[in-house]
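Structure first, then comments.
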Ligand SMILES: [Zn+2]
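In my numbering, the protein residues as written are 26 to 337.
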């Protein structure tokens, strides 16, 4: 049986899955390893996970493709800006390095939020949806989105499609690590929350009932995520905006507040027509969208971008 392997290489863990190349059904269990940082570490992490996935396959399975999702900008075959992998300053030809170390199958690399978007399409299909357009908003350490438009994953002219976290939200705000002031992800992300609040988002929502400072942080977090969802919905008029990330998954009160914020836009005829709150879906936190989407890189929904390499 033809099989595809997908790896989601995060800053702390690597998740790996195998799927049928024909049905896209998952084969066996998800495997989790600890990520090793730096160029050599990331390559070794990928190679070890591929070996572990292959070793767990039942007899008769032939690997026909390997996809890697990484938290960085992937373009022209190289990974850059992958700070969480310790690859900040040196572009890494990850597809090339991994393809030299595994059996000769194509190895494709893509940004992890984009692979999660492809995994999000698989989840929507499992819910019975037949749509072929969606945006995924990842409220993680940072804030970034991916797009699947007319059935195709959007890579972008420079691999930067969906990098919306550094849109300036408040020009008078604090300085962001990117050098600008008041970027959206300083307010609407896991790191943005930690920057301002010593506790969980759920604790923030409780404290905000009596503490004006907590209420301000809560309102900026809520409004920032709602603004990002609106940006995706108005910009591309996608059928669904899937929202994922630990802060959102762990905090029902935040999800309710985001929907209330979005519904406040429905007092106008344009807002009612847009009905953005109705497009929001919360991707379950235990759904391995990143690894599943990575496994599907190179399929018709996600033609292989330029980061694909074969062993020569
Ligand atoms: Zn920034």
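A virtual CB, placed ideally from N, CA and C, is assigned to each residue, including glycine.
The Cβ atoms of residue 95 and residue 137 sit closer than 8 Å to each other. Boundaries of the alpha helix (DSSP H) around residue 122: 119 to 124.
When only Cα atoms are considered, residue 246 and residue 212 end up about 5 Å apart. Straight-line measurement puts the Cα of residue 232 at about 42 Å from the Cα of residue 183. For residue 188, the three-state secondary structure derived from DSSP is coil.
Distance between residue 64 and residue 171, taken at the CA atoms: about 25 Å. At a threshold of 7 Å, residue 191 counts as near ligand 1, since its beta carbon sits closer than that to one of the ligand's heavy atoms. With contacts defined by Cβ atoms closer than 8 Å, residue 258 and residue 301 form a contacting pair. Between the stretch 284 to 293 and the stretch 235 to 243, the count of C-beta pairs closer than 8 Å stays below three; the two stretches do not touch.
Under DSSP, residue 103 forms a beta bridge with 100. Under the three-state reduction of DSSP output, residue 234 falls in the coil class, being neither helix nor strand.
Counting only unbroken stretches of 3 or more residues, the beta strand (DSSP E) elements lying wholly within the stretch 249 to 289 are 265 to 269, in sequence order. With a cutoff of 7 Å, residue 205 counts as near ligand 1, since its C-beta is closer than that to a heavy atom of the ligand. Cα atoms of residue 54 and residue 141: separation of roughly 18 Å, rounded to the nearest angstrom. Counting the other CB atoms within 10 Å of its CB gives residue 176 a total below 16, which places it among the exposed residues. In the three-state DSSP reduction, residue 67 falls in the helix class (H, G or I). For residue 290, the CB contacts under 6 Å within the same chain, skipping 5 residues up- and downstream, are 296 in chain order. Setting aside the 5 residues that flank it on each side, residue 158 is surrounded in the same chain by 173, 174, 175, 263 and 264, each with a C-beta closer than 7 Å to its C-beta; the list follows chain order. With a contact defined as Cβ atoms closer than 8 Å, residue 67 and residue 117 qualify at about 7 Å. In the three-state reduction of the DSSP assignment, residue 216 falls in the helix class, which pools H, G and I. By the Cβ neighbour-count rule, residue 83 is exposed, with fewer than 16 other Cβ atoms within 10 Å of its own. Excluding its 5 nearest sequence neighbours in each direction, residue 197 has no C-beta neighbour in its own chain below 6 Å. Residue environment analysis places residue 29 among the buried positions, since at least 16 neighbouring C-beta atoms fall within 10 angstroms of its C-beta. Within the DSSP secondary-structure output, residue 91 pairs in a beta bridge with 30 and 132. Contact check between the stretch 103 to 112 and the stretch 147 to 157: fewer than three CB pairs, one atom from each, fall below 8 Å, which does not count as touching.
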